[in-house]
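**Student:** Heads up: the sequence lines are chains L and X, in that order.
Numbering-wise, the working numbering puts 323 at position 323 of the first sequence, and it's gapless, one number per residue.
Numbering-wise, the working numbering puts 204 at position 204 of the second sequence, and it's gapless, one number per residue.
Just so it is clear, CB atoms sit at the ideal spot from N, CA and C, and this is done for glycine as well.
Nothing here was measured: the structure is a model prediction, and the numbers come from that model.
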Amino acid sequence: MSGFIVRRTLAGIAILFVASFLTFILVAESGDPLATLKANPHTTQAAIDAASARLGLDHSVFERYWIWLSHFVRGDMGNSTQGGPVEPQLWQRLGVTMKMVLPATIIAAVIAVALGILGAVRQYKLDDHISTTLAYIFYATPVFVLGILLKDFVAINVNNAIGHTVVYTVGDSTAGFTGGFGARLVDDVEHSILPVLTLVLVTYAAWSRYQRASLLDVLNSDYVRFARAKGVPRRRVLVRHALRNALIPLTTVIALDFAAIIGGAVITEIVYGWEGMGQFLLNGLQGPLTPDVNVVQAWLVVTAAIIILFNLLADISYAALDPRIRYG
Amino acid sequence: MAEPQRDVGATYGTAATEYAADRAVGTSVEGAPEDTAGRSQLNLAFHRFIHHRMALAGLTIFVLLVAIAFIVPHFWKWGYAEITPSFASGPSLEHPMGTDTIGHDLFAQVMQATQTSLKSAFIVTVLATVVGTVIGAIAGYYGKLADATLMRFTDLVLTVPLLALLLVLANVLSKQSSNYIYIAIIIAAVLWTYLARLVRGTFLSLREHDYVIAARAIGARDRRIIFRHMVPNAMGPIVVNATLTVANAILIESALSFLGLGIQPPAVSLGNLIANGQGSATTEWWLFAFPSAVLVLIILAVNFVGDGLRDALDPRQTRVRA
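(1) Gln297/L: buried (16+ other C-beta within 10 angstroms of its C-beta) or exposed?
(2) Distance check for His241/L and Asp128/L, CA to CA, integer angstroms please.
(3) Which chain X residues sit within Cβ distance under 9 Å of Asp222/L?
(4) Just curious, the alpha helix (DSSP H) that Asn241/X is in, first and last residue?
(5) Cβ closer than 7 Å: which chain L residues qualify as neighbours of Ser254/X?
(6) Count the other CB atoms within 10 Å of the CB of Trp207/L; is the residue buried (16 or more) or exposed (fewer)?
(7) Does Glu208/X pass the burial test, meaning 16 or more other C-beta atoms within 10 Å, or should it be called exposed?
(8) Write down the C-beta distance between Pro291/L and Leu285/L rounded to the nearest angstrom, noting that I regard them as a contact closer than 8 Å.
(9) Does Thr193/X get closer than 7 Å to chain L when you measure Cβ to Cβ?
(10) Mark Arg324/L as exposed unless 16 or more other C-beta atoms lie within 10 angstroms of its C-beta, in which case mark it buried.
(11) Listed in chain order, which residues of the stretch 142 to 176 of chain X have Cβ atoms closer than 8 Å to some Cβ of chain L?
(12) Might you give, ordered along the chain, the residues of its own chain that have their beta carbon closer than 8 Å to the beta carbon of Val160/X, omitting 5 neighbours on each side?
(13) Nearest to Arg209/L by alpha carbon, out of Tyr139/L, Val101/L, Leu150/L, Ala104/L?
(14) Within the same chain, show all residues whose beta-carbon is closer than 8 Å to that of Gly147/L, passing over the 5 residues directly before and after it, in chain order.
(15) Excluding sequence positions up to five away, which residues of its chain have a Cβ less than 6 Å from the Cβ of Ile123/X?
(16) Pull up the distance between the alpha-carbon of Ala175/L and that of Thr165/L, whole angstroms please.
(17) Apply the 10 Å Cβ neighbour rule to Asn160/L and answer buried if 16 or more other Cβ atoms are within range, or exposed otherwise.
(18) Output the residue ranges of the alpha helix (DSSP H) runs that lie fully inside the stretch 184 to 261 of chain L and measure 4 residues or longer, sorted by chain position.
(19) Considering only DSSP beta bridges, list what Thr178/L is partnered with.
(20) Taking 7 Å as the threshold (beta carbon to beta carbon), is Ser30/L in contact with chain A?
(21) For the alpha helix (DSSP H) holding His71/L, just list the boundary residues, first then last.
(22) What did DSSP end up calling Asp7/X once you bin it into helix, strand or coil?
(23) Rounded to the nearest angstrom, how far is the Cβ of Ala341/X from that of Ile299/X, given a contact under 8 Å?
(24) Within the same chain, show all residues whose beta-carbon is closer than 8 Å to that of Asp147/X, passing over the 5 residues directly before and after it, in chain order.
(25) Looking at C-beta atoms only, is the number of pairs between the stretch 264 to 272 of chain X and the stretch 96 to 116 of chain X that lie closer than 8 Å three or more?
(26) With respect to the alpha helix (DSSP H) encompassing Ile102/X, which residues constitute its N-terminal and C-terminal limits?
(27) Kindly indicate if chain X contains any beta-carbon less than 7 Å away from that of Ile306/L.
(28) Please identify the residue among Thr97/L, Thr303/L, Pro142/L, Ala11/L whose C-alpha is closest to the C-alpha of Glu275/L.
(29) Express the C-alpha separation of Ile181/X and Ser254/X in angstroms, rounding to a whole number.
(30) Give the DSSP-derived three-state secondary structure of Pro96/X in the structure shown.
(31) So what does DSSP say about Pro85/L, is it helix, strand or coil?
(32) Could you tell me whether any Cβ in chain L is nearer than 7 Å to the Cβ of Phe258/X?
(33) Tell me which residues share the same chain as Leu90/L and place their Cβ nearer than 6 Å to its Cβ, disregarding the 5 neighbours each side in the sequence.
(34) Can you tell me where the alpha helix (DSSP H) with Glu29/L in it begins and where it stops?
(35) Give me the residue from Phe290/X, Phe258/X, Thr283/X with the minimum Cα distance to Asn272/X.
(36) Which same chain residues, not among the five before or five after Phe304/X, have their C-beta less than 6 Å away from its C-beta?
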C-alpha cells in the first residue's frame, strides 16, 4: 500500500509539472499584459521597457517558465501583474472557496445517500418517483440558472417574508463586520446558505441516482436474499448487510466529482459575487493587465494538487472499505 | 498492480446497477420477458427504445425544439438582430417572449441561440466521438505505448477542472474569434478524452473475445479487425456516450458564454442571453426565464433520450458530468 501511495504521488507530481508547463505556454501566449499601456500614445518606449522588464516579458516564454518554476519549487509564487505577491491572496481566496465547496460536498453526499436509500427501498412508490423527477430536473439545470433563480426569486421572497435579511445574496461575509465569534459564524452561515444550496442541488442529483442504483444492485444479490431467508429483520439486513457494501462505490464517485464541484464553484462564485478562487482565475484571464500568468499558474497548481489528493484518497478509501481491492 | 478501474464507464456503473435503477423512469427492459426469437440486435434495441416512454417523450421534445429553432425563424416577423420599436416589453402576442432593453425580439433571439447551441453541440459530438473512438480503439487494441500515452494524457485532462481548462483555451481563442465553430472545436478538444477512455476500456475486454482471436488467426489485418469486428460491438456505449456528449456540450458552451468567454454579442447563445437577463431577473423576468427554460428543456430531453438509448443498447453505462 505504501508503495502504491508513493508511486501515485510521484505520478501526480509529474502530471502537475506537465500541466503547469502547458498552461503556462497557453496563457502566456494568449495576449499581451502591456497592450493597454502600449495603446496609449503618451507612453514612452522607456516606460514600456521598464514594465516589460518588471513582468519578465523581455525573456522568451520558455525562459519565463523556467523562472516561474525555479521560484515556485522554492515556495515563491511570484507577483501578479498588478503588483503584490500572489501567494497571500491565493490562500485567502482558497479559504473563501472552501467555505462553499466543503459544506456543499458533505451535505450533497448526505442527501444523496438518504435519497438513494429511499429510492431503493421504496422503488416505484410515489416518493421514489418524486425524488427521481427532482433529480432529473436538477441534473439538467445549469449551475448559473439555478444560482440566479435562488438568488433573485427565492432568497428575496424569503427575506421579505421574514422582514429582514436572513439570506444574503452577495459576498461571502459582511464587509467590516465586527462582532464576537458567534455573530461572525452566523454572518458566515447567512452568506453561505445560497451558494452552498446551489452547489448541493446540482451535485446531489447524480450521486443519489448512483447510490440508489448501487443499493438496488446489492439488495438483489444472493447474500441479502439469504440473510432475509434465515430470518434477519429487514432493517438489520439493510443497515448491516446491504448499505455497507452499497456505500463503497459512491466514495469513489464523490472523490472523482470533486473536480466538477470546483468547476461549478467558479460559476457559483460569479453569480453570488464571492471573492474566491473562481474569480481569481477569471481575473487572471480577463482584465486590464492580463493574461496574468502567475495568478493562473497558482490557481492551476493548487486546484490540481487538491484534485490529485482527492483521487488518491478515493483509491485508498476504496481499498480500506473493500477488502477485494489490493494495490501491489 | 490492481488499480481500481478508472474508466468513465467502469467508475460510474457497476454491471447492471444503473440498468436496474433507471427502470424507475418507466422502461420495461427487465419487466416483461421479451420475444427475442428471430430478431436482430438492432431490431431489439429499437423495440426497447420505443417502449421507453420517457425516452420517446424526450425525443419528441427534442425534435420539436430543433424544428422550431431551424424552421420558424424563416417565417417569423422579426430577425434576431433586428431592433423592434418596443423595448423592455413583457410577453405579448406581438412578442411571445417579450423584448430586451434595446428592443430585440426575445423569441427570435432564443431561436437563434438554440440553433447556435445545437450546431456547436453537433460539431462537438461528431468530433469528440470520431476522435475518441479512433484513439480509444488504437490504445485498447495495441496496448503498450499507445495505451500508456493515452492514459497519461487523459489523466492530465482529468486533473484540471474541465471548466478551467476550457476557460483557458477559450481565452486564447476568443482573442481571435468567438465563432461557434471555434468554441465547438475547443470543447471537443477536451471531451474526446472521456470517450477515448470508454472505448479503450471496452476494447480491452473485446480484445480477448473468441471472434477477435479467430479473425486474427485467419489473418485479418488489424484495421479490419478494429473497424469491422470490434467497433460495431462497441457501438452501444459509443452511441450512448455521444448522446450524453450533446447535453454536456450544450451545458459547457452556455457556461462559457455566460462567463463571457464563449460566444460573444452580437452573436447570441443561450448562455449570453441568460447572462443578459441576469441583471434584470426581477424586473424583466422574461429575459432570464425564457432562455433558461429552453436550455433546461433541451438538456432534459437529451438526457431522457440518452437514458432510453442506454437501456436499449447498453445497460451498463452511465454518464459523466462536466
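**Tutor:** This is what the structure holds:
(1) Numbered from its first residue, the first sequence carries residue 297/L at position 297. Buried: at least 16 other Cβ atoms inside 10 Å.
(2) Here the question's residue 128/L lines up with position 128 in the first sequence. Here the question's residue 241/L lines up with position 241 in the first sequence. Between Asp128/L and His241/L, the C-alpha separation is close to 22 Å.
(3) Against the first sequence, residue 222/L aligns to sequence position 222. Under the 9 Å cutoff, chain X gives no residues; its nearest Cβ is about 14 Å from Asp222/L.
(4) As a working note, residue 241/X is residue 241 in the second sequence. Where Asn241/X is concerned, the enclosing alpha helix (DSSP H) stretches over 235 to 258.
(5) Position 254 of the second sequence, counted from the start, is the residue given in the question as residue 254/X. By Cβ distance, chain L contributes Pro142.
(6) Translated into the one-based positions of the first sequence, residue 207/L becomes position 207. So Trp207/L counts as buried.
(7) If you number the second sequence from 1, residue 208/X lands on position 208. Exposed, since its Cβ has fewer than 16 Cβ neighbours within 10 Å.
(8) In the first sequence, residue 291/L corresponds to position 291, counting from 1. In the first sequence, residue 285/L corresponds to position 285, counting from 1. Sure, about 6 Å apart at Cβ, within 8 Å.
(9) To locate residue 193/X, count along the second sequence from 1; it is residue 193. So no, Thr193/X is outside the interface.
(10) Taking the first sequence and counting its residues from 1, the one referred to as residue 324/L is at position 324. Exposed, by the Cβ-count rule.
(11) Arg152, Asp155, Leu156, Leu158, Thr159, Val160, Pro161, Leu162, Leu163, Ala164, Leu167, Val168, Leu169, Asn171, Val172, Lys175
(12) Taking the first residue of the second sequence as 1, we reach residue 160/X at position 160. Within the same chain, Val160/X has no close Cβ partners at all.
(13) Counting from 1 along the first sequence, the entry for residue 209/L is found at position 209. Residue Tyr139/L is the option with its Cα nearest to Arg209/L.
(14) Reading the first sequence from its first residue, position 147 is the one you call residue 147/L. Here the set comprises Leu194, Pro195, Thr198, Ile267, Thr268, Val271, Tyr272.
(15) Within the second sequence, residue 123/X is the residue found at index 123, counting from 1. Answer for Ile123/X: Ala184, listed in chain order.
(16) The residue given as residue 175/L occupies position 175 in the first sequence. The residue given as residue 165/L occupies position 165 in the first sequence. Distance between the alpha carbons of Ala175/L and Thr165/L is about 15 Å.
(17) Residue numbering aside, residue 160/L sits at position 160 when the first sequence is read from its first letter. The residue is exposed, with fewer than 16 neighbouring Cβ atoms inside 10 Å.
(18) 222 to 229
(19) Here residue 178/L is taken as the residue at index 178 of the first sequence, counted from 1. Thr178/L is not bridged to any residue.
(20) Here the protein chains are L and X, and chain A is not one of them.
(21) As a working mapping, residue 71/L is identified with position 71 in the first sequence. Looking at the DSSP string, the run of the alpha helix (DSSP H) that includes His71/L is 61 to 72.
(22) On the second sequence, residue 7/X is found 7 positions in, with the first residue counted as 1. Since pLDDT at Asp7/X reaches only 35, below the 50 mark, its modelled position is unreliable, and no value is offered.
(23) Here chain X has residues from 1 to 322 only, and residue 341/X is not among them.
(24) Taking the second sequence and counting its residues from 1, the one referred to as residue 147/X is at position 147. Hits under 8 Å: Ala139, Gly140, Arg200.
(25) yes
(26) Translated into positions along the second sequence, residue 102/X becomes position 102. Segment: none, Ile102/X is in no alpha helix (DSSP H) and carries neither H nor E.
(27) Within the first sequence, numbered from 1, the residue matching residue 306/L stands at position 306. Not closer than 7 Å to any Cβ of chain X, the Cβ of Ile306/L fails to qualify, so no.
(28) Locating residue 275/L in the first sequence gives position 275, counting from the first residue. Closest by alpha carbon: Thr97/L.
(29) Here the question's residue 254/X lines up with position 254 in the second sequence. Here the question's residue 181/X lines up with position 181 in the second sequence. Rounded to the nearest angstrom, the two C-alpha atoms are 14 Å apart.
(30) Residue mapping note: residue 96/X aligns to position 96 of the second sequence, counting from 1. Residue state, collapsed to three classes: coil.
(31) Counted from its first residue, the first sequence places residue 85/L at position 85. Residue state, collapsed to three classes: strand.
(32) Taking the first residue of the second sequence as 1, we reach residue 258/X at position 258. Judged by the 7 Å Cβ criterion, Phe258/X is in contact with chain L.
(33) The count along the first sequence starts at 1 and reaches residue 90/L at position 90. Contacts found: Ala298.
(34) In the first sequence, residue 29/L corresponds to position 29, counting from 1. Run containing Glu29/L: 2 to 29, per the alpha helix (DSSP H) assignment.
(35) Stepping through the second sequence from its first residue, residue 272/X is reached at position 272. Closest by alpha carbon: Phe258/X.
(36) Along the second sequence, read from residue 1 onward, the residue named residue 304/X stands at position 304. These residues qualify, in order along the chain: Met54, Ala55, Gly58.
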